[in-house]
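**Student:**
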Amino acid sequence: MPTKAKIILNTHGGLLKSQAKIDQVEQALHTVGLDYQLAITERPDHGLALAQQAALEGWPVVVAAGGDGTINEVVNGLMQANPAEQTSLLGIIPLGTGNDLADALEIPRDVTAACRRLAAGNTRQIDLGLVNGRYFANNSAVGLEPVVTVAQNEMRYAGSSRYMLAAIKTIMTAQSWSMRIKWDHGIYEGPVTLVSIGNNTRTGGAFYMTPKACLDDGLLDFVYAVGMSRWQLLRLLPKTLSGRHINHPLVTYQQTKVLSITATPPTPIHADGEVFERQAIEINYQIFPKKLQVIV
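Using this note's numbering, the first residue of the sequence shown is number 9, and each one after it goes up by one.
Listed below in structure tokens is the structure:
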């Protein structure tokens with residue numbers, strides 16, 4: 009059982025208001041009797057800095073209380089603090105809209121139940137992906153998908169269907185890229201609409217972009233679609249909700265340990281839904297097996 013935990017809380021994502029989130033989390037932590045210190049994120053990547061500081065201070069557990077983006081910041085903070093070996097366990101209290109990684113790890117969305125898992129302290133080791141210096145635990149992408157993410161972040165509507173609405177809006181003005189994609193056992197050069205790379209099956213709370221992915225198999229799953237028309241993309245979109253898009257003749261599904269992409273024109277990149285580069289030309293991915301220890 010963990011003796012104490014640093015809680016890094018993002019009050020901006022999800023559906024609850026800020027103070028309601030703080031009250032809910034603190035009440036749950038008191039209920040399970042966990043000794044903790046709470047830190048509230050105030051700006052983008054603040055969670056990264058807080059997690060890095062907590063790891064360097066020797067906190068045995070650092071908890072991401074938020075969605076997949078908050079988890080991404082905390083994971084990168086832990087990795088930057090100790091690149092060779094993780095010294096603080098990652099805990100998760102799912103407070104986001106999608107909660108893709110938490111769902112895959114079967115961490116309850118009920119806050120008190122999630123805190124009981126933290127108090128119990130059972131762990132699992134999972135892989136981490138790395139893209140252009142940024143770690144991701146769930147999913148990353150170039151091309152259409154991060155453009156959708158940017159559009160989603162600009163929408164005032166905060167409901168769970170926001171990503172789908174942003175996807176439809178983006179597809180209506182979708183561009184295509186010329187890409188060179190090289191992986192362990194193959195290479196492709198030509199027009200590409202999207203490339204989605206998964207350590208987990210689901211992204212955006214509903215989209216099974218890499219339905220064969222496994223969190224601890226030492227492989228990155230990725231899917232790419234060659235230049236598709238807007239109509240083809242609109243017809244493909246509903247199939248991503250079940251993973252059936254991988255059967256489309258213009259879609260290729262692969263697994264690899266290393267992936268390199270050259271894009272023209274430059275493309276944004278997201279890692280776990282966080283767009284961290286807007287104009288990338290050279291993109292390099294690799295997998296780190298069993299790199300992250302998580303309380304489940």
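The beta carbon of each residue, even a glycine, is placed where N, CA and C say it ideally should be.
From P116 to R124, what does the alpha carbon distance come to, in whole angstroms?
**Tutor:** In the sequence shown, residue 116 corresponds to position 108, counting from 1. In the sequence shown, residue 124 corresponds to position 116, counting from 1. Rounded to the nearest angstrom, the two C-alpha atoms are 10 Å apart.
**Student:** Quick check: the Cα distance between T248 and W67, rounded to an integer number of angstroms?
**Tutor:** Sequence index remark: in the sequence shown, residue 248 carries index 240 (1-based). Sequence index remark: in the sequence shown, residue 67 carries index 59 (1-based). So the alpha carbons of these two residues sit roughly 40 Å apart.
**Student:** Opposite R238 in the DSSP bridges: which residues?
**Tutor:** By 1-based counting over the sequence shown, the position of residue 238 is 230. None; R238 has no bridge partner.
**Student:** Measuring CA to CA, which of G77, P91, H20 and L46 is closest to L64?
**Tutor:** Residue 64 sits at position 56 when you count from the first residue of the sequence shown. Closest option to L64, Cα to Cα, is P91.
**Student:** Taking DSSP as the reference, what is the three-state secondary structure of G206?
**Tutor:** Taking the sequence shown and counting its residues from 1, the one referred to as residue 206 is at position 198. Of the three classes helix, strand and coil, the one that applies to G206 here is strand, per DSSP.
**Student:** What does a CB cutoff of less than 6 Å around T260 pick up in its chain, not counting 5 residues either side in sequence?
**Tutor:** For this step, residue 260 is matched to residue 252 along the sequence shown. Taken in chain order, the residues that qualify are Y232.
**Student:** On the criterion of 16 or more Cβ atoms from any shown chain inside 10 Å, does E93 qualify as buried, or is it exposed?
**Tutor:** On the sequence shown, position 85 is the one that residue 93 refers to. Per the 10 Å Cβ criterion, exposed.
**Student:** In whole angstroms, what is the alpha-carbon distance linking V82 and A47?
**Tutor:** Your numbering for residue 82 matches position 74 in the sequence shown. Your numbering for residue 47 matches position 39 in the sequence shown. Rounded to the nearest angstrom, the two C-alpha atoms are 12 Å apart.
**Student:** Throw me the rounded Cβ distance for the N18 and T78 pair, which I believe falls under 8 Å.
**Tutor:** Position 10 of the sequence shown, counted from the start, is the residue given in the question as residue 18. Position 70 of the sequence shown, counted from the start, is the residue given in the question as residue 78. Between T78 and N18 the Cβ distance is about 4 Å, and since that is below 8 Å, they are a contact.
**Student:** Buried or exposed for W191, going by 16 or more other Cβ atoms inside 10 Å?
**Tutor:** Looking up residue 191 in the sequence shown gives position 183. The residue in question, W191, is buried, as its Cβ has 16 or more Cβ neighbours within 10 Å.
**Student:** Between which two residues does the beta strand (DSSP E) harbouring M187 extend?
**Tutor:** On the sequence shown, residue 187 is found 179 positions in, with the first residue counted as 1. Segment W185 to W191, the beta strand (DSSP E) holding M187.
**Student:** Quick one: using the 10 Å Cβ neighbour count with 16 as the cut-off for buried, is I289 buried or exposed?
**Tutor:** Walking along the sequence shown from the start, residue 289 turns up at place 281. So I289 ends up on the exposed side.
**Student:** Taking only beta-carbon atoms, is G66 less than 9 Å away from chain C?
**Tutor:** The structure shown contains no chain C, having only a single protein chain.
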